[in-house]
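Structure, as structure tokens:
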Amino acid sequence: MKAEGRVVVFSGPAGSGTYERMLEAARLAEEWGYEVKVERLFDRMARVARERYGLEITEENVLNLLRERLISIRKEAVEEIREEIESSPGFYMVRSPATFFWGGTLITGLDLDDVMKLRPDAFIVVVDDIMPVKARLEADPEWKTQRFTLRDLASWREQETTLVEELARWTKAEFYVVARAHPPRVFADLVVHPEKPKAYISFPMTHVPPDVYREFEAKKSRFVDELDELGIVIFDPATMAEGVILSKLEEYENRARSEGREPDPEEELEIAVSYGGEERVYRYTYQELAAVDPLVEGQIVKRDFAMIESANMVIVYNPLGIPSPGVACEMMYAHKVLGRDVYLIWGKEGRPSPFYTAFCNRRFSTPEEFLEYARTHVRPRWGGMG
Numbered sequence: 020m021k022a023e024g025r026v027v028v029f030s031g032p033a034g035s036g037t038y039e040r041m042l043e044a045a046r047l048a049e050e051w052g053y054e055v056k057v058e059r060l061f062d063r064m065a066r067v068a069r070e071r072y073g074l075e076i077t078e079e080n081v082l083n084l085l086r087e088r089l090i091s092i093r094k095e096a097v098e099e100i101r102e103e104i105e106s107s108p109g110f111y112m113v114r115s116p117a118t119f120f121w122g123g124t125l126i127t128g129l130d131l132d133d134v135m136k137l138r139p140d141a142f143i144v145v146v147d148d149i150m151p152v153k154a155r156l157e158a159d160p161e162w163k164t165q166r167f168t169l170r171d172l173a174s175w176r177e178q179e180t181t182l183v184e185e186l187a188r189w190t191k192a193e194f195y196v197v198a199r200a201h202p203p204r205v206f207a208d209l210v211v212h213p214e215k216p217k218a219y220i221s222f223p224m225t226h227v228p229p230d231v232y233r234e235f236e237a238k239k240s241r242f243v244d245e246l247d248e249l250g251i252v253i254f255d256p257a258t259m260a261e262g263v264i265l266s267k268l269e270e271y272e273n274r275a276r277s278e279g280r281e282p283d284p285e286e287e288l289e290i291a292v293s294y295g296g297e298e299r300v301y302r303y304t305y306q307e308l309a310a311v312d313p314l315v316e317g318q319i320v321k322r323d324f325a326m327i328e329s330a331n332m333v334i335v336y337n338p339l340g341i342p343s344p345g346v347a348c349e350m351m352y353a354h355k356v357l358g359r360d361v362y363l364i365w366g367k368e369g370r371p372s373p374f375y376t377a378f379c380n381r382r383f384s385t386p387e388e389f390l391e392y393a394r395t396h397v398r399p400r401w402g403g404m405g
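Remember, my numbering sits 19 above the position in the sequence shown when you count from 1.
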């Protein structure tokens, strides 16, 4: 059954590009024939402050307000949005971080009272790699007075995600952690097509030989597009690339040891990442990268598991038959802990390890074989493919 209206709160730390993704998703939903209203809580707060308090607040000064005044303005802005939702039901996308890291302290952006008024159907935490987030904040006039390390940003993201997950649990709303690099259609589907089945795509990443990775990734992308055409929303862990921090640190530390020296805390390391086909280069000291290393490592696992929890099924894309401990862990978590259906695409000759076959519902030899199965079995089972 298709939804006639939903309220979806988009949270996630500043610098993640959330609002831009919301606008893209809203435009796409409108192309599909849906009217979607986009509300940015700050815009409402600015109007409340001007009309009721005689204050001209901007993105540059709003977080400098006294806590009590900031809360009062926010509460009145939330009340305005609630009144509009009640008087004109439909699809609403509401943007506000749940937390702000400002002047070395955390400032609340949304609390339980706020979300109880909004009564959202879902929360979407939009996240991005900490490297581009830091670059955006450094270029943003609102944040020019603040200085963040990569560790600060990773900590802020984790606190934001944890708080929003609690808000979703308390309000019995859907909860999603979605990387900004997912295409706009994923965000649009989560707003206007909640009936669509959702799948987490699991695949080997660190164990794919470098000489075949580009072709592997291209074929996987085409497979994801074909799943989308079937009406399946795909959560893809490859939309986050900050794991490169771990490999860059290991590479540098190994080189330093081979040269008979300790790593230099002030030495700058270059990290090259491709975003949308465009390569970007970031430079950080060894000390800054080493400080964030344990947070990145832990959050990769937690974030991927959160996407699995949001999905109805896991599709393991491994046509090369490459053993991967990470994939095996994801299969076990989905199948044994969450009770999700797990489908394994294994193209290598011979039977996969029992640690694969024990945690999947069905095995396929090619992506095409799975797609044919999905057309006749997955679609009818989950329904709602409009």
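Where is the CB? At the ideal position from N, CA and C, for every residue including glycine.
Outcome for N380 when other beta-carbon atoms lying within 10 angstroms are tallied against a minimum of 16:
Locating residue 380 in the sequence shown gives position 361, where the first residue counts as 1. The residue in question, N380, is exposed, as its Cβ has fewer than 16 Cβ neighbours within 10 Å.
Considering only the beta carbon of each residue, do K217 and A330 sit closer than 9 Å?
For this step, residue 217 is matched to residue 198 along the sequence shown. For this step, residue 330 is matched to residue 311 along the sequence shown. The answer is yes: Cβ separation under 9 Å.
Measuring straight from C-alpha to C-alpha, what distance separates F324 and Y72?
The residue given as residue 324 occupies position 305 in the sequence shown. The residue given as residue 72 occupies position 53 in the sequence shown. Going by the C-alpha atoms only, they are around 45 Å apart.
Just the C-alpha distance for F167 and K153, rounded to the nearest angstrom, thanks.
Taking the first residue of the sequence shown as 1, we reach residue 167 at position 148. Taking the first residue of the sequence shown as 1, we reach residue 153 at position 134. Using only the alpha carbons, I get a separation of about 7 Å.
Under 9 Å between C-beta atoms of M259 and D148:
In the sequence shown, residue 259 corresponds to position 240, counting from 1. In the sequence shown, residue 148 corresponds to position 129, counting from 1. It is a contact, given that the beta carbons lie within the stated cut-off.
Please report the straight-line C-alpha distance between D171 and R394, rounded to a whole angstrom.
Counting from 1 along the sequence shown, the entry for residue 171 is found at position 152. Counting from 1 along the sequence shown, the entry for residue 394 is found at position 375. Whole-angstrom Cα-Cα distance: 45 Å.
Report yes if the CB atom of F29 is closer than 9 Å to the CB atom of R114, and no otherwise.
Translated into positions along the sequence shown, residue 29 becomes position 10. Translated into positions along the sequence shown, residue 114 becomes position 95. Yes. Within cutoff.
List the residues that DSSP assigns as beta-bridge partners of W365.
By one-based count along the sequence shown, residue 365 stands at place 346. Paired residues: N337.
Per the contact definition of three or more C-beta pairs closer than 8 Å, is the stretch 31-38 in contact with the stretch 111-128?
yes
Presumed contact (8 Å Cβ cut-off) between A48 and V57, rounded CB distance:
The residue given as residue 48 occupies position 29 in the sequence shown. The residue given as residue 57 occupies position 38 in the sequence shown. Not quite, the Cβ-Cβ distance comes to about 10 Å (not below 8 Å), so this is no contact.
For F254 and G36, the rounded distance between their alpha carbons:
For the purposes of this step, residue 36 is taken as residue 17 along the sequence shown, with counting starting at 1. For the purposes of this step, residue 254 is taken as residue 235 along the sequence shown, with counting starting at 1. Taking the straight line joining both Cα atoms gives about 18 Å.
Give a yes or no on contact between the stretch 95-115 and the stretch 78-87, applying the rule of three or more CB pairs nearer than 8 Å.
no
When the Cα of T190 is compared with those of P139, S91 and D159, which residue comes out closest?
For this step, residue 190 is matched to residue 171 along the sequence shown. It is P139.
A124 by DSSP, collapsed to three states: which one?
Here residue 124 is taken as the residue at index 105 of the sequence shown, counted from 1. Residue identity differs from the one stated: residue 124 is Thr in this sequence, not Ala. Reduced to three states, the DSSP call for T124 is strand.
Just to confirm the assignment, what range does the alpha helix (DSSP H) spanning K163 have?
Position 144 of the sequence shown, counted from the start, is the residue given in the question as residue 163. Looking at the DSSP string, K163 is not in any alpha helix (DSSP H), and its letter there is neither H nor E.
Limits of the alpha helix (DSSP H) - the one that I143 falls within:
Counted from its first residue, the sequence shown places residue 143 at position 124. Element bounds for I143: not the alpha helix (DSSP H) but the beta strand (DSSP E), A141 to V146.
Nearest-angstrom Cα distance between E236 and N273?
Along the sequence shown, one-based indexing puts residue 236 at 217. Along the sequence shown, one-based indexing puts residue 273 at 254. Using only the alpha carbons, I get a separation of about 28 Å.
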